[in-house]
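Undergrad: If you scroll down you'll find the structure; I have some questions about it.
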Amino acid sequence: MREQRRTILKYRKKVDASEWRMTPLMVNAYYSPPANEIVFPAGILQPPFFHKDLPLAINYGAIGSVIGHEITHGFDNQGREFDADGNMISWWTNSALNNFEEKTKCFIQQYSNFTIDGQNINGQRTLG
Numbered sequence: 007m008r009e010q011r012r013t014i015l016k017y018r019k020k021v022d023a024s025e026w027r028m029t030p031l032m033v034n035a036y037y038s039p040p041a042n043e044i045v046f047p048a049g050i051l052q053p054p055f056f057h058k059d060l061p062l063a064i065n066y067g068a069i070g071s072v073i074g075h076e077i078t079h080g081f082d083n084q085g086r087e088f089d090a091d092g093n094m095i096s097w098w099t100n101s102a103l104n105n106f107e108e109k110t111k112c113f114i115q116q117y118s119n120f121t122i123d124g125q126n127i128n129g130q131r132t133l134g
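So in the working numbering, the last spot in the sequence shown is 134, and the numbers never skip.
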């Protein structure tokens with residue numbers, strides 16, 4: 007509840023680019039649409055994403071996959087709603103938006119057919 011209140015209080019205010027949503031020790035990464043940045047805390051530089059005794063190619067590949075994953079959030083069903091300056095604005099052409107929505111329907115349908123432990127996956131929730 008406190009996080010929601012903090013988010014609401016930020017409405018229509020300039021984005022504070024120095025604010026982090028997690029500590030440097032967190033083993034995670036995220037894309038922030040309002041700041042148009044990938045936050046990559048130092049805590050992620052440990053197994054399975056990084057190990058000092060592994061070849062550089064493996065470390066780069068592991069970290070690169072995390073970075074690539076976060077980059078895609080800039081163009082998913084939520085990130086696409088923000089421009090380069092973090093303003094919530096529709097900047098895609100109608101054609102691009104229609105193509106995106108048609109392709110996401112395929113993913114929704116495909117993932118909705120998967121079951122895990124007898125439970126169906128909600129394909130809509132696999133986006134973004």
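In this text, a Cβ means the ideal position worked out from N, Cα and C, and glycines have one as well.
Quantities reported herein were computed from a predicted structural model and do not represent experimental measurements.
(1) Within the continuous alpha helix (DSSP H) that includes TYR117, where are the two ends?
(2) Check whether the Cβ atoms of GLY92 and GLN115 sit closer than 8 Å, and answer yes or no.
(3) How many angstroms separate the CA atom of THR29 from the CA atom of ALA35?
(4) Tell me where the beta strand (DSSP E) around VAL72 begins and ends.
(5) Using beta-carbon positions only, say whether TYR17 and GLY80 come within less than 8 Å of one another.
(6) Between which two residues does the beta strand (DSSP E) carrying TYR36 extend?
(7) Give the straight-line distance between the Cα atoms of VAL33 and PRO47, rounded to the nearest whole angstrom.
TA: Result, derived from the coordinates:
(1) Counting from 1 along the sequence shown, the entry for residue 117 is found at position 111. 100 to 118 is the extent of the alpha helix (DSSP H) around TYR117.
(2) Working through the sequence shown from its first residue, we reach residue 92 at position 86. Working through the sequence shown from its first residue, we reach residue 115 at position 109. Their beta carbons are not under 8 Å apart, which means GLY92 does not touch GLN115 by this criterion.
(3) Locating residue 29 in the sequence shown gives position 23, where the first residue counts as 1. Locating residue 35 in the sequence shown gives position 29, where the first residue counts as 1. So the alpha carbons of these two residues sit roughly 11 Å apart.
(4) By one-based count along the sequence shown, residue 72 stands at place 66. That residue, VAL72, is in no beta strand (DSSP E); its alpha helix (DSSP H) goes 62 to 78.
(5) Counting from one through the sequence shown, the residue named residue 17 turns up at place 11. Counting from one through the sequence shown, the residue named residue 80 turns up at place 74. GLY80 sits away from TYR17, with the two beta carbons spaced by 8 Å or more.
(6) The count along the sequence shown starts at 1 and reaches residue 36 at position 30. It spans 36 to 38 - the beta strand (DSSP E) in which TYR36 sits, taken as one unbroken run.
(7) The sequence position of residue 33 within the sequence shown is 27, counting from 1. The sequence position of residue 47 within the sequence shown is 41, counting from 1. A straight-line Cα-Cα distance of about 7 Å links VAL33 and PRO47.
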